[in-house]
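Engineer: Position 102 of the sequence shown, counting from 1, maps to 101 under numbering that gives the first Met the number 0, and the rest follow consecutively.
Just so it is clear, CB atoms sit at the ideal spot from N, CA and C, and this is done for glycine as well.
A single structure is presented below for examination.
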Amino acid sequence: MGTQSAVFRRPLQTLNALRGTSRRAIANQVRSKGTGSVVLGLQREKSRGEVRIVSPDPHVDPAISYRFLAEAVDRQRMRDVVTVFADLFHSEPMRKIGVRTVNLGHADVNSDLALDKWIAAHLLIAGHATSTCRMGDPDDDMAVVDQTGRVHGVDNLRVVDTSMWPQAPSRGPNA
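In C-alpha cells form, the structure reads like this:
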C-alpha cells in the first residue's frame, strides 16, 4: 500500500521516473496484474546514456537520454536473450504444465527487425541509473569528480552516490 499511495500522491514524479519506458509495457503490466511475469535484462551493456543540465535553476529537470541498446552488440545480446526465452517458454514441456507467453508470439522472433520492434515496445526502466558523474583528472573535460568524490571547480562539494561509479555493476545497485 505504501508504494501505491506514493504513486497516487505524486503522479508527476512517478511519470517522470518512467521516462524511457514503453507505454505498451506499462499498459501490459496493468492488464496482466495477478499473473506471473519474467523480466529479461541486459547486464554489462556497452551503450551509454547522457544526462545534461539544461538550466541553472535546480528545479528544472535535466535532459536525460538513456540510449538503450544504442550499441549493435547490446541489440544482438538482447535479441539472443529474447530468443532463448521464447524457445524455452514455447517448448512442449512448458506448454504441458500450462505455461504460456503473453504478448510474445512466434512472429515476434522470426527476424532481427521483428525482435527489435518487440523489444522497443516492451522496454522497461529498472531505475538503477549510475555512472553519470565521471571520475577523472581535472584536465579531463568529461570528468566531474576526483577519486574521492570532490566536484572539480566547486569548493566543499562531493558526490557520494552511485553516480560516481565508473561502470554499473552486473546486478542492480539496489541489491
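Using DSSP with H/G/I as helix, E/B as strand and the rest coil, what is V98?
Structural biologist: In this structure, V98 counts as coil in the three-state DSSP scheme.
Engineer: Since V144 is in the alpha helix (DSSP H), which residue starts that stretch and which ends it?
Structural biologist: Careful: V144 lies outside any alpha helix (DSSP H) and carries neither H nor E.
Engineer: By how many angstroms is the C-alpha of V37 removed from the C-alpha of G1?
Structural biologist: Below a pLDDT of 50, predicted positions are generally treated as unreliable, and G1, at 48, falls in that range; the measurement from the model is reported next regardless. In a straight line, the C-alpha of G1 is about 24 Å away from that of V37.
Engineer: Which residues in the same chain as C132 place their Cβ atom closer than 7 Å to its Cβ, once the five residues preceding and following it in sequence are excluded?
Structural biologist: If we look at C132 and ignore the five residues flanking it on each side, its Cβ neighbours are V143, V144, V158, S162, M163.
Engineer: Have a look at G40 and L68 and give me their C-alpha separation to the nearest angstrom.
Structural biologist: Computed Cα separation, rounded: 11 Å.
Engineer: Determine, using beta carbons only, whether G72 and K45 come nearer to each other than 8 Å.
Structural biologist: Strictly speaking, residue 72 in this sequence is Val, with Gly absent from that position. Their beta carbons are under 8 Å apart, which means V72 touches K45 by this criterion.
Engineer: At which residue ranges does the stretch 34-67 contain complete beta strand (DSSP E) runs of 3 or more residues, listed in the order of the chain?
Structural biologist: The stretch 34-67 contains these whole beta strand (DSSP E) runs: 49-51, 62-64.
Engineer: So, with DSSP's three-state summary, where would you put R76?
Structural biologist: The answer is helix: DSSP assigns R76 an H, G or I state.
Engineer: Let me know the secondary structure DSSP gives V150 once reduced to three states.
Structural biologist: DSSP places V150 in strand when its eight states are reduced to three.
Engineer: Could you round the C-beta distance between P137 and H151 to whole angstroms and report it? I think they count as a contact, below 8 Å.
Structural biologist: Yes, they are in contact, since the Cβ atoms of P137 and H151 sit about 5 Å apart, within 8 Å.
Engineer: Across which residues does DSSP place M134 in a beta bridge pair?
Structural biologist: DSSP output for M134 lists V144 as bridge partner(s).
Engineer: When burial is assigned at 16 or more other CB atoms within 10 Å of the CB, is D107 buried or exposed?
Structural biologist: Flag for D107 reads buried.
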